[in-house]
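Undergrad: So the sequence shown is numbered by the numbering used here: it starts at 405 and just counts up by one.
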Amino acid sequence: MNIIVCFDRLDPAPWVQGLQAALPGAHVASWAPGAPPADHAIVWAPPQAFIDEQAGLKTLFNIGAGVDALLQLRLPPTLKVVRLDDAGMSVQMAEYVCHAVIRHFREFDGYDADVKTGRWSYRKPRNRADFPVGVMGLGVLGERVARALQVFEFPVNGYSRSPKQIDGVRCFAGAEQLGDFLQASRILVNLMPLTPETENILNQASLSKLQAGGYLINVARGRHLVEEDLIALLDSGHLAGAMLDVFRTEPLPAGHPFWQHPKITVTPHTSARTLRDESIAQIAGKILALQRGEPIRGEVDHQRGY
Ligand code: NAP
Ligand code: GLV
């Protein structure tokens, strides 16, 4: 069995070594044009030339949860695309989102600013019931985030394409319930995949449905958000702030208004990192399962886009 690794900007060497150790019966190599045909590929944003050349591939394992960049390529419709299925990401995402929600709710940025000027300030405690959190996307990451937020007793709403039942979460589903979901939420967490249906879904019309003093946490993809609409809603005061981890252009370009906006906190696409050892173990396990003819989790539906 031949396995090939093809990454955009990441060093493939430790992945090749790790996969080789996990699958001693296989031959693992990193891709260069003209490489021999492989059965399975481990990829992140590979070039179209890789796909065209490796026409005999059975499986593409993506080393991230989001497959939007991969599905931009011309892929044979029968090629199995497999996303990373948690592999240590959901706990990181829960940490990031709980941090962002608590930081906003408890006004820690305000205290920080006061401390920097030597002020021992007092702020009236806020009522948790006034800060319902809406989690958009209740998949591998969104469901974990929704459960984690309940530990801190925030009211939690959830939104997905198909109906869901999650203990303690008020669930909404489908485009017809999006308005009700937004109106029931003050803090919005975006954890949907980027697809033609969800691109630009965070815009003037949707964000202005959030309760007054709303707060946006975007941890999915930059192209979900219409950036100028966010800035207008922050400047008008309808939204109180935003914590953004993902951007239409990454790295966020120098001079972009998000860098200096007083109501925006920027992080460099770091909310849930791919953990190499966990990911190698998961992918190697799936390759062995496929060899035994067993079903695996995380297969992407090309039509649905996630
Ligand atoms: P997932 O398991 O595929 O879950 C996606 C969720 O979104 C599902 O609940 C799905 O509904 C819902 N959804 C999809 N299209 C929808 C639509 N049109 N309307 C309403 N709901 C819709 O994905 P995941 O593993 O949780 O990851 C989510 C995204 O997070 C990834 O695609 C990636 O872009 C992003 N991400 C970011 C980072 C980071 O570091 N910033 C790290 C990892 C992932 P159904 O349940 O009904 O299918
Ligand atoms: C990261 O953004 C991922 O999709 O895993």
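By construction, the Cβ of each residue, glycine as well, lies at the ideal position given by its N, Cα and C atoms.
Just list the beta strand (DSSP E) runs in the segment 561-614, keeping only unbroken ones of 3 residues or longer that don't cross its boundaries, in chain order.
TA: If we require 3 residues or more, the beta strand (DSSP E) runs fully inside the segment 561-614 come out as 573-577, 591-594.
Undergrad: Going by DSSP, which residues form a beta bridge with Ala445?
TA: Working through the sequence shown from its first residue, we reach residue 445 at position 41. Answer is Ile408, Leu464, bridged to Ala445.
Undergrad: Is Ala498 near the ligand GLV, judged by its Cβ being under 7 Å from some heavy atom?
TA: The sequence position of residue 498 within the sequence shown is 94, counting from 1. False, no ligand heavy atom lies under 7 Å from that Cβ.
Undergrad: Assuming Ala469 and Leu488 make a contact with CB atoms under 8 Å, what is their CB distance in whole Å?
TA: Taking the first residue of the sequence shown as 1, we reach residue 469 at position 65. Taking the first residue of the sequence shown as 1, we reach residue 488 at position 84. Ala469 to Leu488, Cβ: 5 Å. Contact.
Undergrad: Going along the chain, which residues of its own chain have a beta-carbon closer than 8 Å to the beta-carbon of Phe589, five neighbours each way excluded?
TA: By 1-based counting over the sequence shown, the position of residue 589 is 185. According to the sequence shown, residue 589 is Ser rather than Phe. These residues qualify, in order along the chain: Pro536, Val537, Gly538, Asn561, Leu614, Gln615, Gly618.
Undergrad: Measuring only the C-alpha atoms, how far is Thr521 from Gln608?
TA: Working through the sequence shown from its first residue, we reach residue 521 at position 117. Working through the sequence shown from its first residue, we reach residue 608 at position 204. The alpha-carbon atoms of Thr521 and Gln608 are separated by roughly 35 Å.
Undergrad: Who are the Cβ neighbours of Lys667 in its own chain at under 6 Å, not counting the five residues just before and after it?
TA: As a working mapping, residue 667 is identified with position 263 in the sequence shown. Cβ within range, chain order: Leu638, Gly645.
Undergrad: What is the rounded straight-line gap between the Cα of Met711 and the Cα of Arg510?
TA: Here the chain has residues from 405 to 710 only, and residue 711 is not among them.
Undergrad: At what residue ranges does the segment 495-561 contain a whole run of the beta strand (DSSP E), taking only runs of 3 or more?
TA: Here the runs fully enclosed are 537-540.
Undergrad: Does DSSP put Lys484 in a helix, in a strand, or in coil?
TA: Position 80 of the sequence shown, counted from the first residue, corresponds to residue 484. DSSP places Lys484 in strand when its eight states are reduced to three.
Undergrad: Looking at C-beta atoms only, is the number of pairs between the segment 649-668 and the segment 683-691 that lie closer than 8 Å three or more?
TA: With the cut-off at 8 Å, the segment 649-668 and the segment 683-691 do not touch.
Undergrad: Could you have a look at Gly618 and say whether DSSP puts it in helix, strand or coil?
TA: In the sequence shown, residue 618 corresponds to position 214, counting from 1. Three-state DSSP puts Gly618 in a strand.
Undergrad: Quick check: is any heavy atom of the ligand GLV less than 7 Å from the C-beta of Gly468?
TA: The count along the sequence shown starts at 1 and reaches residue 468 at position 64. True, at least one ligand heavy atom lies under 7 Å from that Cβ.
Undergrad: State yes or no: is the beta carbon of Ser640 nearer than 8 Å to at least one beta carbon in chain B?
TA: Absent from the structure is chain B; it holds one protein chain and no more.
Undergrad: Pick out whichever of Arg551, Lys690, Thr669, Pro418 has its Cα sitting closest to the Cα of His508.
TA: One-based indexing of the sequence shown puts residue 508 at position 104. Checking every option, the nearest Cα to that of His508 belongs to Thr669.
Undergrad: For the beta strand (DSSP E) containing Ile668, list its first residue and its last residue.
TA: Along the sequence shown, read from residue 1 onward, the residue named residue 668 stands at position 264. First-last of the beta strand (DSSP E) with Ile668: 668-670.
Undergrad: Taking the straight line between their C-alpha atoms, what separation do you get for Gln554 and Ile621?
TA: Along the sequence shown, one-based indexing puts residue 554 at 150. Along the sequence shown, one-based indexing puts residue 621 at 217. The straight-line gap from Cα to Cα measures roughly 17 Å.
Undergrad: When you compare only the Cα positions, how much space is there between Ala658 and Gln664?
TA: Sequence index remark: in the sequence shown, residue 658 carries index 254 (1-based). Sequence index remark: in the sequence shown, residue 664 carries index 260 (1-based). Rounded to whole angstroms, Ala658 to Gln664 spans 10 Å at the Cα level.
Undergrad: Out of His444, Ala417, Leu414, Trp419, which has the shortest C-alpha to C-alpha gap to Leu692?
TA: As a first step, residue 692 is located in the sequence shown; it is residue number 288 there, counting from the start. Per the Cα distances, His444.
Undergrad: For the ligand GLV, any of its heavy atoms closer than 7 Å to the Cβ of Leu488?
TA: Mapped onto the sequence shown, residue 488 falls at position 84. Within the cutoff, so yes.
Undergrad: Is the segment 415-428 close to the segment 452-462, with three or more CB pairs under 8 Å?
TA: Segments in contact, no.
Undergrad: Which residues bound the beta strand (DSSP E) around Val630?
TA: Taking the first residue of the sequence shown as position 1, residue 630 is located at position 226. Val630 -> no beta strand (DSSP E), and no H or E assigned at all.
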